[in-house]
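Asks: Residue numbers (numbering that gives the first Met the number 0): 0 to 257. The structure is given below, and queries will be raised subsequently.
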Amino acid sequence: MLLGAGTDTITDDYTLEQKFAEFRRLNLDFVEVPLRSTDATAQAETFRTLAAAHGLPIASAVIAEFVRLPDVPEAERADAVRRIADTALTAVDLGCDLVLIPVRVKPEEPERAESYAEGYAELLTATKQHGTVIAAEFVGGARPADAANLVRVVDDPRARLFFDVGNCLYAGADPVSDLRTLLPLVAQVHLKGGPDTPLAAMPLRELHEVVRSGDFQGRCALEIESPKGRQSLRDAVSVLRMYGLWTPAHEGNTTHAG
Numbered sequence: 000m001l002l003g004a005g006t007d008t009i010t011d012d013y014t015l016e017q018k019f020a021e022f023r024r025l026n027l028d029f030v031e032v033p034l035r036s037t038d039a040t041a042q043a044e045t046f047r048t049l050a051a052a053h054g055l056p057i058a059s060a061v062i063a064e065f066v067r068l069p070d071v072p073e074a075e076r077a078d079a080v081r082r083i084a085d086t087a088l089t090a091v092d093l094g095c096d097l098v099l100i101p102v103r104v105k106p107e108e109p110e111r112a113e114s115y116a117e118g119y120a121e122l123l124t125a126t127k128q129h130g131t132v133i134a135a136e137f138v139g140g141a142r143p144a145d146a147a148n149l150v151r152v153v154d155d156p157r158a159r160l161f162f163d164v165g166n167c168l169y170a171g172a173d174p175v176s177d178l179r180t181l182l183p184l185v186a187q188v189h190l191k192g193g194p195d196t197p198l199a200a201m202p203l204r205e206l207h208e209v210v211r212s213g214d215f216q217g218r219c220a221l222e223i224e225s226p227k228g229r230q231s232l233r234d235a236v237s238v239l240r241m242y243g244l245w246t247p248a249h250e251g252n253t254t255h256a257g
């Protein structure tokens, strides 16, 4: 299984250049990047340059502004979706085969689900010729099952679920049980801890058994939100290797980025 990391993973004084260098030293397989519609083109060029310099593919992109789509006034929503679709196409041009869209959808707010579904369908249409996967990630206390229901409503083979094991804890959900149930819908997994649970204390052995027994063919990406970014990322990689969740294709040099 391939393992990547988001560029927001190291949150101390690393520059973006140093983050890419550290990812390379840890021999990660890919990078996940955030893109904003306001400056997606400039961001993409920076990411493209760093990816080439360090020999790391950029495989997935996060368009965080999608989560606010239901809160955009209805008269402005079409323009907002158009900007997000353009950002998704920028991600495609960057080499991404997966675009992550966060959703905060709950059963008691069906109107939010409707707004998300409309925007979701437009993103799928905009990226159809590229075959891009558009994966919904449950955030803000939303449950995995509710995000999965949104994916099913959209009813497109490229509409998938981005499963975040840490976000399960924020929602009061069981990451092992829900991942087992929803695995056929999952395109990629975010590996991190929860509100008061570090990654090392997550049920990694059980999660590994779920992806192994389910013959999961997707990828995993680390999200480490610690002020001790340098050490915690290295520790996270070591923990994942210990539990069998990742084996590097080649042994890298894990010296800190300078």
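Backbone N, C-alpha and C fix where the C-beta goes; we use that ideal spot for every residue, glycine too.
As a quick exercise: from Asp214, Pro143, Arg151, Glu75, pick the residue whose alpha carbon is nearest that of Ala116.
Replies: Here residue 116 is taken as the residue at index 117 of the sequence shown, counted from 1. Taking only the C-alpha atoms, the option nearest Ala116 is Arg151.
Asks: Would DSSP call Asp163 helix, strand or coil?
Replies: As a position in the sequence shown, residue 163 is number 164, starting the count at 1. Asp163 falls in the strand class under three-state DSSP.
Asks: Could you give the first and the last residue of the continuous alpha helix (DSSP H) run that contains His53?
Replies: Taking the sequence shown and counting its residues from 1, one reaches residue 53 at position 54. Taken as a continuous stretch (DSSP letters only), the alpha helix (DSSP H) holding His53 covers 39–53.
Asks: Do Ala170 and Gly192 count as a contact pair if the criterion is CB distance below 8 Å?
Replies: Here residue 192 is taken as the residue at index 193 of the sequence shown, counted from 1. Here residue 170 is taken as the residue at index 171 of the sequence shown, counted from 1. Going by C-beta atoms, Gly192 is not nearer than 8 Å to Ala170.
Asks: Leaving aside the five residues before and after Thr89 along the sequence, list all residues of the same chain whose C-beta is less than 7 Å from its C-beta, in chain order.
Replies: Position 90 of the sequence shown, counted from the start, is the residue given in the question as residue 89. Cβ neighbours of Thr89 beyond the five flanking positions: Leu34, Ala39, Thr40, Ala43.
Asks: Work out the CA separation of His129 and Ala77 for me, nearest whole Å.
Replies: The sequence position of residue 77 within the sequence shown is 78, counting from 1. The sequence position of residue 129 within the sequence shown is 130, counting from 1. One C-alpha to the other measures close to 22 Å.
Asks: In the DSSP assignment, what are the bridge partners of Ala141?
Replies: Here the question's residue 141 lines up with position 142 in the sequence shown. For Ala141, which the question treats as bridged, DSSP gives no partner whatsoever.
Asks: How close, in whole Å, do the beta carbons of Ser36 and Asp85 come, if the pair is a contact with beta carbons under 8 Å?
Replies: Here the question's residue 36 lines up with position 37 in the sequence shown. Here the question's residue 85 lines up with position 86 in the sequence shown. Going by Cβ atoms, the distance from Ser36 to Asp85 rounds to 7 Å, so yes, they are a contact pair.
Asks: Taking C-beta to C-beta, are Pro106 and Asp145 nearer than 8 Å?
Replies: Within the sequence shown, the letter at position 107 stands for residue 106. Within the sequence shown, the letter at position 146 stands for residue 145. In this structure, Asp145 lies closer than 8 Å to Pro106 by Cβ.
Asks: Taking the continuous alpha helix (DSSP H) assigned at Gly3, which residues delimit it?
Replies: Here residue 3 refers to the residue found at position 4 when the sequence shown is read from its first residue. First-last for Gly3: 2–5, but that is the beta strand (DSSP E), not the alpha helix (DSSP H).
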